[in-house]
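For reference, the structure is listed below as structure tokens.
Residue numbers (this note's numbering): 16 to 226.
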């Protein structure tokens, strides 16, 4: 059983439990004020195990499963025996990394709460785009499949705009920073731990596609 499946199973189990148990949600949800004043740093990680409802869970886990299989396999091809560990590390590290700006902006806001694995899922999706930029990608806000190298910038622009505008219950900031974290993680680890250059690979694939 690969890491992607294991993460999906664990996330679904905890989310299903939380759907009918408000206490579990309260204990696991990301609450910047609780982190800042009570040192409950674990919330950076545990918030990725719970979701608002079935649609939220299904969307995140389906997206993660589709891209996770691709990225996990590519990590194994690039890093060999270290690939599985690095892939798992990227997902886990993306959970707190994507929330750092949210924490900084809301650490005195006792009413702010955030949940879901969207930031880590964005990290996996954008790592997949960097590895296979011509792969067709689509999401709710961009429903028509388009090559990843076009989808990626469009998604980041839209997400950055929505994050700046505010006024919704969706943490667009986590999506944006999660995506950038995934890209940065792959570039740094590939250039330091392998002979694979993800930037060169990206450019070569895009050039071959547009010719």
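All C-beta atoms, glycine included, are put in the ideal place defined by N, C-alpha and C.
A Cβ-Cβ distance of about 14 Å is found for the pair residue 152 and residue 79, leaving them out of contact under the 8 Å criterion. Looking only at 191, 192, 189, 216, the smallest Cα-Cα distance to residue 202 is reached by 216. Less than 8 Å divides the Cβ of residue 164 from the Cβ of residue 144. For the set 208, 225, 199, the Cα lying nearest the Cα of residue 214 is the one of 199. Across the set 182, 186, 21, the C-alpha of 21 shows the shortest separation from the C-alpha of residue 87. Non-local beta-carbon contacts of residue 48 in its own chain, meaning distances under 8 Å to residues more than five positions away in sequence, involve 121, 122, 123, 124, 125, 127 in chain order.
Boundaries of the alpha helix (DSSP H) around residue 87: 69-94.
Residue 196 is not a Cβ neighbour of residue 103, given a cutoff of 8 Å. Shown here, residue 134 sits in a helix according to DSSP, grouped into three states. One alpha carbon belongs to residue 90, the other to residue 98, and they sit about 5 Å apart. Judged by DSSP in its simplified three-state form, residue 209 adopts coil rather than helix or strand. The distance from the Cβ of residue 65 to that of residue 33 is about 4 Å, consistent with a contact at the 8 Å cut-off.
Apart from sequence neighbours up to five positions away, the residues of its chain that approach residue 221 with a beta-carbon distance below 6 Å are 148, 164, ordered along the chain. Between residue 62 and residue 129, the beta carbon gap of about 6 Å places them in contact (Cβ cut-off 8 Å). Non-local beta-carbon contacts of residue 43 in its own chain, meaning distances under 8 Å to residues more than five positions away in sequence, involve 29, 33, 58, 61, 62, 64, 65, 130 in chain order. Measuring C-alpha to C-alpha distances from residue 188 to each of 146, 169, 115, 41 identifies 115 as the nearest.
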